[in-house]
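Working notes, beginning with the structure itself.
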Amino acid sequence: MLSIQTHKVLNRRFIEVLIPEHLALAEEVLREMRERGDGFVEKQIDLTLKDRALTVLMTITVIHDDEGNDMGMAILFEDLTQLQRAERAAAWREVARRMAHEIKNPLTPVQLAAQRLQKKYGDRLGDDDTVFNECTKTIIDQVDVLKNLVNEFSRYARLPVTHLVMHDLNEVIRDSVILFQDAHKGIVFDFLAGPDIPKLMLDPEQIRRVMVNLLDNAVAAVDKLSGRIEIRTVCDRVEGKAKVEVADNGCGIPAGYKAKMFEPYFSTKRTGTGLGLAIVNSIIADHNGRVTVADNHPQGTVVAFEVPIPNAL
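Residue numbers (the numbering used here): 3 to 315.
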């Protein structure tokens, strides 16, 4: 979680292990514990690690021997990031459900009224008919835009229940890549399938939805004539995870945005709803996995997700 390798920290003091930013937070919590004098403290803190924002519960407990003498301290870090994301996602789903309901109801009569005006008076206004038709057409078109937005809200609010079955991850990814290759001939799609990935517990349709969102974002970020998108699948049996990476050579994501990328309604696109990566995060969380965003080198972005390998050794 903190990117600390076990063999490098055994038998060393914590002040030699933690980076300065994390050490300052730990010392602040220690001061709080000493002031309270009860030998135990628990505090939620926010950390930034390699462009990734973490919410961590830090627990410090003083360890005593049988005679009550201090022997040291146990410091426990528990990652609450996914839990917080899940709680926020659930709250935003309820917001989306209510917004979809409240907005959708008046849209149809507005559109029908504009269409009726256009049909009845469009040819009767002489010199003014052009302005009239342009205005009514704008109303009709913008209602369609709002309807699409409402449909996005509805899809986010009513994500289907995940049904996990044993399935070939590479097959699902390959199918998704082929669809995008056919639709975007000017962009190079390179799929590097890990040969040793076993069948995993997946919901194939939901993983396809994840890939559509990730590939959509990658396509939007790259040049339509010189863009390159590399999709990789990797098996890590030591960690017990299979990983899928979507790397593009596009415009990249500002460092300050990375921590917000999975928040509902946060978008860097002018026409985006900000729900794509929120949906991705929710689906992967249902697979007991996680999603990350990092810089690609020399340019672009890498979005990756991990899912567990059943019975990994």
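Every residue gets a Cβ at the ideal spot worked out from N, C-alpha and C, and that includes glycine. These numbers were taken from a predicted model, which means no experiment stands behind them.
In whole angstroms, what separates the C-alpha of residue i from that of residue j?
i    : j    : result
N215 : F264 : 12 Å
I231 : I175 : 13 Å
N313 : I281 : 27 Å
T132 : A185 : 37 Å
N283 : D297 : 18 Å
L315 : A287 : For L315, the predicted model reports a pLDDT of 45, less than 50, meaning its position is unreliable and no value from the coordinates is stated.
E18  : M75  : 15 Å
L49  : R239 : 28 Å
A222 : I189 : 11 Å
F182 : D192 : 11 Å
P111 : K149 : 12 Å
T164 : R234 : 24 Å
V236 : G242 : 11 Å
I180 : D218 : 13 Å
L32  : V295 : 32 Å
D68  : P197 : 55 Å
I41  : L27  : It should be noted that the sequence gives Gly, not Ile, for residue 41. Those two C-alpha atoms are separated by around 17 Å.
E173 : K187 : 21 Å
V58  : A244 : 24 Å
M213 : N71  : 56 Å
N252 : H24  : Note that residue 252 is Gly in the sequence shown, not Asn. Straight-line Cα distance between these residues: approximately 32 Å.
E37  : K260 : 36 Å
Where do the N-terminal and C-terminal ends of the beta strand (DSSP E) with residue i fall, by residue?
i    : result
P310 : 303 to 310
E232 : 230 to 238
Considering just the uninterrupted stretch of the alpha helix (DSSP H) at residue i, what are its terminal residues?
i    : result
K260 : 257 to 260
D288 : 278 to 288
I21  : Premise fails: I21 is in no alpha helix (DSSP H) and is neither H nor E.
What does DSSP give as the partner residue(s) for residue i in the beta ladder?
i    : result
D297 : T303
V221 : In DSSP, V221 forms no bridge with anything.
V246 : T235, F307
R126 : For R126, which the question treats as bridged, DSSP gives no partner whatsoever.
What whole-angstrom Cβ distance do residue i and residue j have, given they're in contact under 8 Å?
i    : j    : result
M73  : I62  : With a Cβ gap of about 14 Å, M73 and I62 do not count as contacting.
V309 : L202 : 6 Å
R292 : Q84  : 6 Å
L204 : H289 : 7 Å
L171 : I199 : 6 Å
R211 : I285 : 6 Å
G152 : I105 : First, the residue type needs correcting, since residue 152 is Val and not Gly in the sequence shown. Contact flag correct, Cβ pair sits at about 5 Å.
Answer yes or no: the CB of residue i versus the heavy atoms of the ligand COA, is any distance below 7 Å?
i   : result
T63 : As for the ligand COA, it is missing from this structure, which has no ligand bound.
Contiguous beta strand (DSSP E) assignments of at least 3 residues, all confined to the region 148 to 215:
167 to 169, 190 to 194, 202 to 204
Segments assigned beta strand (DSSP E), at least 3 residues, entirely inside the region 28 to 83
Runs of the beta strand (DSSP E) inside the region 28 to 83: 42 to 51, 54 to 66, 72 to 81.
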